[in-house]
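Undergrad:
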Amino acid sequence: MISPSHIAIIMDGNGRWGLKKYNDRNKGHYYGLLNINKVIEHCIKIKIKYLTLYTFSTENWNRPKKEIDYLFFLFKYFYKKILIN
Numbered sequence: 004m005i006s007p008s009h010i011a012i013i014m015d016g017n018g019r020w021g022l023k024k025y026n027d028r029n030k031g032h033y034y035g036l037l038n039i040n041k042v043i044e045h046c047i048k049i050k051i052k053y054l055t056l057y058t059f060s061t062e063n064w065n066r067p068k069k070e071i072d073y074l075f076f077l078f079k080y081f082y083k084k085i086l087i088n
């Protein structure tokens, strides 16, 4: 089976999912990034050479400052963790 060399993912809907399931947008963002860890591991396993994650659009700057700050905290935390491993 031929695998693609590049996969791109638009991370959309995590906040809405968190709001619906937990009444908390930030929980949705957190669980969305936890799932990205699984995606990265699988891409490595099946030898995907490039993975693009579209995580923050220009419209996201219109969100409340607390939510933006939390998103950037999560990005920093998860990407550091990925780079260390």
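Going by my numbering, 44 is the number at position 41 of the sequence shown; the sequence numbering is gapless. From the three backbone atoms N, C-alpha and C, an ideal C-beta is built for every residue, glycine too. Note that the coordinates shown come from a computational prediction; the quantities given were computed from them, not determined experimentally.
Rounded to whole angstroms, how far is the Cβ of Ile49 from the Cβ of Ser6, which I believe are closer than 8 Å?
TA: 5 Å
Undergrad: Output the distance between the C-alpha atoms of Thr55 and Ile12, rounded to the nearest integer angstrom.
TA: 6 Å
Undergrad: Quick one: Cα of Lys23 to Cα of Lys30, how far?
TA: The straight-line gap from Cα to Cα measures roughly 10 Å.
Undergrad: Compare the C-alpha of Leu37 against each of Leu86, Phe81 and Ile87 and name the closest.
TA: Phe81
Undergrad: With burial defined as no fewer than 16 other Cβ atoms inside 10 Å of the residue's Cβ, what is the status of Asn17: buried or exposed?
TA: Residue burial is scored here from C-beta neighbours: Asn17 has at least 16 other C-beta atoms within 10 angstroms and is therefore classed as buried.
Undergrad: What residues in its chain sit with their C-beta under 7 Å from that of Asp27, if we drop five residues either side in the sequence?
TA: Gly21
Undergrad: Note down, one range per segment and in chain order, each beta strand (DSSP E) of at least 3 residues found wholly within the region 28–78.
TA: 53–57
Undergrad: Is Ile49 near the ligand COA, judged by its Cβ being under 7 Å from some heavy atom?
TA: Absence of the ligand COA is noted for the structure shown, with no ligands found whatsoever.
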